[in-house]
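Chains as they are written, first to last, in this note's numbering: chain C, 1 to 357; chain B, 1001 to 1357.
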């Protein structure tokens, strides 16, 4: 079969080697006569997978023992609520940076549950950009400061993380595991799996012990981080975690975070260079904020954009349509997107410009 | 490969035909060059799967249009919190029946969030049983009345559902889709998938429109049933829902709920008849409450029980150990458990008794 060049923003491309491995074992896991999906989550087979996934995550990101690594569900959208519910106390303020659609959703939830200060707002700007460090107004003694490290719709990314003075909380759904960073600067990191970690259906949360200790009383058991930090409380999304374990192992084989960053930077540079080469294509984000994961650009007209998406799909380049809220073209080039896909896309961009420029 | 006889309480056995179908398409979904896990949840391929899973659920259970059918995450454990959070108002009381471990967890959550009346309590009794209708003390004007239709640990099941006078809310995690019942008697039904519906990682909720209208203000967006009843709000657990669609289609091929009930009753009768045939085995539940899904029994000593579990596993009969909180033997014989597995188990019980009786 021909493997598609898949630029989906998420759920997104997975390493084909991982899919093939999962396929092989799907009906009969390691000669057990059962699928991994049919086994108790307390049994030795699944426990080994779960523990290994956590160990790999710790290894890849250099996570110290004073952080819990949790595999939850509900996505980043769920975490938008869990965070203020657990960590924004009565009479406290949480700082949020408004940088696009995802940050806005996090802010909306925090406002339902507590008091919010908008430390910076670049969300209405075009071209899209992340705030500069000196534009942020942090609250003294805030419960925490929230950032969205990468906005998939605007195609922008924090290049350096701000120092807010309070525990930093980050939605890293769309760029975790793509570049090195210092976990110890964060109180809590969360990410839906379906970009760089694995399939949809599992949410990774890293939470620091001393931040966890500050959580509110009276939170429902299942929504209390401590429940999950203490033990495997309820049935996890077994198959999704099983896939995560494989993706993380694949990533180790690519040289870990340092190795994948080099590949990611090269892929992104190829695309941005092609965009910048002529005036036909126009980057949607301010150069300093350009995302290495989601490359967003425009063509001279919406009509041409429609033609571009259609002709690209016919040429095997799938899911390039920008988000409906902003239009344009979006190429999501997460860790598992092969360099060959980006090469095919830049070639296609050349051809399309020649015909329509 | 030899397929194991799998009696796991959950995650549990899936139909082998479903696993084989999923295996075939895992890397390349219908010639698309992608796995279903790599596709946008808003795209036409996944949308068709999601809609079909809902349609099949409606068809199988005869669910009318005034119920929403939701595929959420967080399991039944999550719903223990969602229900009082959404539906137990300030100053209201909710009735709960205490019938075992699962009901107790539901009660614990409701007490964190609101006021609870225990309408009946059979949870400490041995042998285990469900309450009789005339033992239940329902509250006039209760927000709702909660039951756990099947307790997997005690191996007991409500045979007829009580009429509490307030909207009935049911945890049907371990017996939904196993027998016909009238959905219209319920305000809300919820079930973790990993027994009769599919793999772990998706939670089914059926909620009636007029009950939904009564929900509390100020609930976080992701935890508000209305968010999900209105539209597909966030990324669903794509692969788990994909598997659910296949399991439901498989169930239609088995004659739907009426067809599977006959098979389930026959399987359960074979096992209970074997238990009752001699004094060597002893049913753990009162006969009138015996679960058709989880058949729990004891042997003359814990030592013999340990030997039984070990020898059964060596003979290919897996996961027969009772829950650690109660001990004994538990054979979970959900929809996907083939009759041949139950026949193999009863034969093994004969042999084991001959050797050790």
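Don't be surprised by glycine CBs; every beta carbon is placed ideally from N, CA and C. Bear in mind that the values here come from a model prediction, so they are computed numbers and not experimental data.
By how many angstroms is the C-alpha of residue j removed from the C-alpha of residue i?
i	j	result
residue 297 (chain C)	residue 77 (chain C)	26 Å
residue 1045 (chain B)	residue 1036 (chain B)	8 Å
residue 1111 (chain B)	residue 1147 (chain B)	15 Å
residue 1068 (chain B)	residue 1057 (chain B)	11 Å
residue 263 (chain C)	residue 317 (chain C)	20 Å
residue 1176 (chain B)	residue 1031 (chain B)	34 Å
residue 1190 (chain B)	residue 354 (chain C)	57 Å
residue 61 (chain C)	residue 252 (chain C)	11 Å
residue 274 (chain C)	residue 250 (chain C)	29 Å
residue 1024 (chain B)	residue 27 (chain C)	10 Å
residue 150 (chain C)	residue 158 (chain C)	6 Å
residue 1005 (chain B)	residue 1341 (chain B)	5 Å
residue 1320 (chain B)	residue 1295 (chain B)	10 Å
residue 352 (chain C)	residue 281 (chain C)	11 Å
residue 1127 (chain B)	residue 1323 (chain B)	15 Å
residue 350 (chain C)	residue 1043 (chain B)	27 Å
residue 39 (chain C)	residue 347 (chain C)	47 Å
residue 1265 (chain B)	residue 1336 (chain B)	13 Å
residue 269 (chain C)	residue 21 (chain C)	31 Å
residue 1107 (chain B)	residue 1114 (chain B)	10 Å
Counting C-beta neighbours from all protein chains within 10 Å, is the total for residue i 16 or more, i.e. buried, or is it exposed?
i	result
residue 1171 (chain B)	buried
residue 15 (chain C)	buried
residue 1117 (chain B)	exposed
residue 1119 (chain B)	buried
residue 132 (chain C)	exposed
residue 290 (chain C)	buried
residue 137 (chain C)	exposed
residue 310 (chain C)	exposed
residue 129 (chain C)	buried
residue 1124 (chain B)	exposed
residue 179 (chain C)	buried
residue 224 (chain C)	buried
residue 301 (chain C)	exposed
residue 194 (chain C)	buried
residue 1287 (chain B)	exposed
Cβ closer than 7 Å: which chain D residues qualify as neighbours of residue i?
i	result
residue 13 (chain C)	Looking at the structure shown, chain D is missing, and the protein chains on hand are C and B.
Is there at least one Cβ from chain B nearer than 8 Å to residue i's Cβ?
i	result
residue 357 (chain C)	no
residue 335 (chain C)	no
residue 237 (chain C)	yes
residue 142 (chain C)	no
residue 35 (chain C)	yes
residue 2 (chain C)	yes
residue 234 (chain C)	yes
residue 348 (chain C)	no
residue 344 (chain C)	no
residue 128 (chain C)	no
residue 331 (chain C)	no
residue 81 (chain C)	yes
Cβ of residue i less than 8 Å from any chain C Cβ?
i	result
residue 1077 (chain B)	yes
residue 1085 (chain B)	yes
residue 1008 (chain B)	yes
residue 1325 (chain B)	no
residue 1032 (chain B)	yes
residue 1240 (chain B)	yes
Could you check if residue i belongs to the surroundings of the ligand GDP, using beta carbon to heavy atom distance under 7 Å?
i	result
residue 215 (chain C)	No copy of the ligand GDP appears in this structure; indeed no ligand is present at all.
Contact residues within the region 1112–1123 of chain B, judged by C-beta distance below 9 Å to chain C: 1112 and 1113
**Asked** Name the residues in the region 257–285 of chain C whose C-beta lies less than 7 Å from a C-beta of chain B; which are they?
**Response** none
- Would you mind listing the alpha helix (DSSP H) stretches within the region 204–287 of chain C that are 4+ residues and don't spill past its ends, in chain order? 209–212, 225–230, 238–253 and 256–277
TODO: Please name the residues in the region 1206–1231 of chain B whose beta-carbon is closer than 7 Å to at least one beta-carbon of chain C, in chain order.
DONE: 1218, 1220, 1221, 1222 and 1223
Start-end ranges of the beta strand (DSSP E) lying completely within the region 89–144 of chain C, minimum 3 residues: 93–98 and 115–121
Members of the region 167–200 of chain C near chain B, C-beta cut-off 8 Å
192, 194, 199 and 200
**Message:** Counting only Cβ-Cβ distances shorter than 8 Å, please list the residues of the region 16–30 of chain C near chain B, keeping chain order.
**Reply:** 16, 19, 20, 22, 23, 26, 27 and 28
**Message:** Which residues of the region 1146–1167 of chain B have a Cβ closer than 7 Å to any Cβ of chain C? Give them in chain order.
**Reply:** none
If the cut-off is 8 Å on Cβ atoms, which residues from the region 1062–1074 of chain B count as contacting chain C, listed in chain order? 1073 and 1074
- Message: Under 9 Å, CB to CB, which of the residues in the region 1093–1108 of chain B have a partner in chain C?
- Response: 1105 and 1108
Practice item. Could you list the residues in the region 40–57 of chain C with a C-beta less than 7 Å from some C-beta on chain B, going in chain order? Key: 40 and 41
- prompt: What residues from the region 307–323 of chain C come within 8 Å of chain B, judged by C-beta to C-beta, listed N to C?
  reply: 316, 318 and 319
inquiry  = For a minimum of 3 consecutive residues, which ranges assigned as the beta strand (DSSP E) are wholly contained in the region 133–201 of chain C?
reply    = 145–148, 168–171 and 186–192
- beta strand (DSSP E) runs wholly inside the region 292–340 of chain C, at least 3 long, in chain order: 294–298 and 329–332
**Request:** Let me know the alpha helix (DSSP H) ranges lying completely inside the region 23–100 of chain C, each 4 residues or longer, listed in chain order.
**Result:** 44–61 and 75–87
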